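All the letters of the sequence shown, read from the start, carry residue numbers 3 to 985 under the working numbering.
Glycine included, C-beta positions come from ideal geometry on N, C-alpha and C.
Values in this document were obtained by computation on a predicted structure and should not be read as measured data.
Encoded as structure tokens, the structure appears first; notes follow it.
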Amino acid sequence: MRRLRDSRALPGFVLGGLCLAYAAGAAAGWGSRQLSAFMGDFGLAAAALAAALSCLVYGCTVGGHARPAWLLFGLSSLMVAFGNGTWGWYELVVRIPLPRGSLAEYAFLLFAPLAITGVLVLAQHPRTAAGWLCLMLDGWLIAGSLFTLSWSLALGRIAAGEDGSPLRLALNLAYPVLDILLVSLVVGLRFGGRDGNRAAVHTAMLALAVTVTCDALFTSPELHNTYHSGELLDAGWFSGSLLLAWAPWSPRWRRPLREHPSAGGLPHRRVATTFSVLTPYAAAAVCTAGILYNALGGRELDRVVAAAACTVGLALILRQGVMLLDNLSLAQELAHKEAHFRSLVQGSSDVIMIAGANGVLSYVSPAALGVYGRDPEELVGGNLLDLVHPEDVGRVLSEVRRYLARARLASHRSPGTAEPSARVECRISSGAGEWLHVESTVSRHRDGLLLNSRDVTERVMLQAQLQHNAFHDPLTDLPNRALFTQRLRAALGSRGQQGETGAGIAVLFLDLDGFKAVNDTAGHQVGDELLVQAARRLQGAVRCGDTVARFGGDEFAALVCGPLGRLQVQELAERLRLALSEPYWIGGAELGVAASIGIAFGSPERGPAADPRVAADELMRNADLAMYRAKSEGKGRVVLYTPAMRADLERRTELEERLRLAVREGGFTLLHQPVVDLGSGAVTGVEAQARWRSVGGLLLTPAEFLRSTEHGDAATRFSRWLVLEAVSAAVERRGLPGRGRGAPVPVPVAVRLSVERLCSPGLYETVAAALRDSGLPADELVIEVARMGPDSLADELGRRLSALRGLGVSTWLAGYGAGGGSLGALARLPLDGLKLDRTLVQELGESPLSRTLAGHALRLGRDLGMATAAEGVDLPRQVSALQELGCGQAQGSAFAPPLDEPRLRRALAHRGYPLPVQAGPLPARRPYPPATGSTRTSGRTGGRTDVTPGRGAHHEGGSDLPERRAATGPSGGPHGETVVPPA
């Protein structure tokens, strides 16, 4: 910044150096008369030409109201350049003295009118008639006084000694008269840079003043008769021209704003400066000096001097009268404004007080009676601090001292700008003995302070209530999650500062079991009352220093701090569980809920350097995990958090993320396992099974990985992909051109979904959209229910299966014989067939018990009018046993493992597999029954039958049926994946 200021000031230093060099040369006579004449003529012409070009260029390039003034200044300087150039032509080229009546004289004469016009353009014009009158009077006072003095000193002798024509007399008197007028305008008028370039205007006025002063000196007979070009007087004209050349480009600066912001941009009176006030009187003194010069010199009183002096005196009297009238108007206006502001102060609802430097009140507005309940007259003379609450005195003094220091610094840095103010809040004693919350705006007033105070008690109470509501539950008035987290972080932070490990901090998460049933049966109002009673029981069961909070719904939390061991915390949790499990009497009815509680303790490994925010969040997550583990283990119990819970959650999260990524990036592929009719060996259908494509290109059967698809958004994405891919593959097989006996036969494709996926929203729409968009006949799609779900979902499952059958889709129950579900629910479900689970088939050839169970299950299916099938048929003896038990269809490694698309098409082209020789006749069987209906739907899918770990399938696609056993071996991946080479 300093370097920038120095670069701006550099041209000024250069111009100053030129002026000093010219003055030094003129004082030394330039060394020769020829050089002196050259510098006195052409040097001045060059300086004036530079001023002309500078002003003209600035006026042409810069707009604004000052543009005509700079153009006029340029023209006036051009006249001076022309005059000096003409003078030099005669003196140095023609080598004759300047003739009288030459063009140079008229050029010099035009300088003053053009400059006067430019000055008038730049001047600030009065806004009122009185202002114009004062301006004219001041102008005449200055011009008349200068004229009187000039006439007494030189003009009178010039006029008396001029015996030529009147034109010559006019020309001789025009120079000084116009210069006097120009000086009067420069001195008497006020100039301002409305465009912000005040320095340019002031520099131009200084340049004109220097030029006119030199003209006045040249007019005197003593200097005029002895003048020759190149003498010291030319240095003044040279400096004036260079100043005018530099004026437009001088550094800009702005005066600080002195207008108070309350003026609102309205017209205001111009404040007169000391110079403008004293200028008329100084002019009158100059006029008096001219008269005294004549009188003391023994000369007769000149009529011109007498007339001019009389007019100056008359103008001074008129000017004084105008000033008196203006002062009277100002006094009236001041009184009016004082009354106006007094009425504003007295009518204001805020209390306005003025305190001295010692704190003594010198003024208190009448509003104090209504706000403070105190008589203002009683407060005047008292100390302000006596009204302030003792606890707030120190803070108030500190705020005031800080404000005063800031105000002094601001006034020192930016003088003339509006001073800052400060806001101070404190409690003030009222007349009724209460403490009122008061907000005061403090500003400086002379040697003291001005305070504008208002009662903000209601606002403070409202803010306190809002803050309480923000950190407390509106129903139970317990702390909410935000306040609980804040207190937990504070407790962990204080333990860390004391060097403790945090083992004395425990967080308990509580959830009311069965609360939803209370809401559904008794209503939400009864549920709210139950929550209020539960909150009271929790508060009564914990210690005074512990925190009980409600997080929302039926979830509560407790923060236990202190020297308590794990056993004591467990006992406290058990007391809380028992207290919450006791019966609730609401509205004359007895209601009951239980409580599941999870406990997490502060980790000693973190130490005092741990971040309280991170530690608090982790502690709450751990307690939440323990609570959900308590609910999953049967509810109504207390569970302590263990690191294994976190590891299990992270593992499930990782699996879900891997599944989401595999679905999005095509990491899954479909294999199909043929379903074979046990009577003829014909392929009656295929079951779509998903495989995970590993990085090495192998297809893995991730049992645990696929189990993670039963819940969450990942399950929805995977199920949708499974349905769409199965339908798309079936359509592609149907579209293959026929090749006679070698063409694949279209068979139904089965997609296995869990009960939760079938009952999820959108499954029906997904299936219908897949059938509609692909054109696959509905009777070639089979939806298998992966085992029976809980009885609570039986009704919803029945509705979903009925809707699918309405589309023409067949519905089967897979995994029968494993899992839950009642026989009554099985009888009500709209199923076309059931498929035995592999657990009943594995020991079918060796165990009579397994044979008996499988036979009863198959007989139940036939009695219910369903087709029967079995999965996991890996050995020929299992095939024979199923044939003997009357099973209709089977799938497993005994026929073919899950096949990729090329091998599946070859298997379908063969149309069947050989069967073992039957020991006797078999009962009638039927394949996947064709379903009826043509309605189309769509929906979300999910889940598939878990492949039993350790029982991988052999991928051998031949038609022979050798006896083979399931391949066993260690798992091939980090999550129990079994490697299945591509078929």
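* Asked: Whose CA, out of V398, V811, N360, lies closest to the CA of N385?
  -> N360
* To do: Round the Cβ separation of D515 and A596 to the nearest angstrom and send it over; I've been treating them as touching at under 8 Å.
  => 4 Å
* Asked: Rounded to a whole number of angstroms, what is the C-alpha to C-alpha distance between A649 and N624?
  -> 11 Å
* Asked: Under three-state DSSP, which class holds I98?
  -> coil
* Short Cβ contact (7 Å threshold) for L234 with A28 -> yes
* Exposed or buried, what is C546 when buried is set at 16 or more other beta-carbons lying within 10 Å of its beta-carbon? -> exposed
* To do: Could you say which of Q893, D626, D394 lies nearest to A690 if we only look at CA atoms?
  => Q893
* P836 to G867 span [Cα, whole Å] -> Sequence check: residue 836 is Leu here, not Pro. L836 and G867: Cα-Cα distance of roughly 10 Å.
* Asked: Helix, strand or coil: which one does DSSP assign to D619?
  -> helix
* Does the distance from the C-beta atom of S432 to that of G375 stay below 7 Å? -> yes
* Spatial neighbours of G800 within its chain, please: CB distance less than 7 Å, with the 5 preceding and 5 following residues excluded, ordered by chain position. => R830, L831, P832
* Asked: Looking at the unbroken alpha helix (DSSP H) that takes in S351, where does it start and where does it end?
  -> No alpha helix (DSSP H) contains S351, which DSSP labels as neither H nor E.
* To do: Starting from A83, follow the alpha helix (DSSP H) in both directions and report where the run begins and ends.
  => 69-90
* Runs of alpha helix (DSSP H) wholly within the region 325-349 (minimum 4 residues, chain order) -> none
* Asked: With respect to the alpha helix (DSSP H) encompassing F558, which residues constitute its N-terminal and C-terminal limits?
  -> First-last for F558: 557-563, but that is the beta strand (DSSP E), not the alpha helix (DSSP H).
* To do: Over the uninterrupted alpha helix (DSSP H) stretch that includes G808, give me the two end residues.
  => 796-809
* Sorted by chain position, which residues of the same chain lie with C-beta nearer than 7 Å to G85's C-beta, five sequence neighbours on each side aside? -> A106, A109, F110
* **Coarse secondary structure for E782, derived from DSSP in three states** => helix
* Mapping DSSP to helix, strand and coil, what is R579? -> helix
* To do: Kindly indicate the opening and closing residues of the alpha helix (DSSP H) around R907.
  => 903-912
* Asked: So with Cβ pairs under 7 Å, would you call E340 a contact of chain C?
  -> This model lacks chain C altogether, as it is built from one protein chain only.
* Taking C-alpha atoms, which residue in P70, S79, W91, I98 lies nearest to L122? -> P70
* To do: With W239 as the anchor, note down where its alpha helix (DSSP H) starts and where it stops.
  => 234-248
* Asked: When you compare each of W587, P614, K637 to G600 by their alpha carbons, which one comes out closest?
  -> K637
* For T478, which of helix, strand or coil comes out of DSSP? -> coil
* Asked: With which residues is Y365 paired in a DSSP beta bridge?
  -> I356
* Asked: Are the CB atoms of G810 and A780 nearer to each other than 7 Å?
  -> yes
* To do: Out of A201, G668, T487, L574, state which residue places its alpha-carbon closest to the alpha-carbon of A617.
  => T487
* To do: With DSSP as the reference, label C312 as helix, strand or coil.
  => helix
* **Buried versus exposed call for P250 [16 or more other C-beta atoms within 10 Å across all chains shown]** => buried
* Asked: From this set, Q535, S79, I430, P481, which residue's C-alpha is nearest A551's C-alpha?
  -> P481
* Presumed contact (8 Å Cβ cut-off) between R415 and H391, rounded CB distance -> With 8 Å as the limit, R415 and H391 do not qualify as a contact, their Cβ atoms being about 35 Å apart.
* Backbone CA spacing between A591 and S756 [nearest angstrom] -> 40 Å
* Under a Cβ-count criterion, where at least 16 other Cβ atoms within 10 Å of its own Cβ denotes burial, should M463 be classed as buried or exposed? -> exposed
* In its own chain, which residues sit with a C-beta less than 8 Å from the C-beta of K633, not counting the 5 before and 5 after it? -> D513, D515, S598
* Measure the alpha-carbon distance for T950 versus L825 and round it to whole angstroms. => Unreliable positioning characterises T950 in this predicted model, as indicated by a pLDDT of 32, which lies under 50. The coordinate reading is nonetheless provided below. Near 25 Å, if we compare the C-alpha coordinates of L825 and T950.
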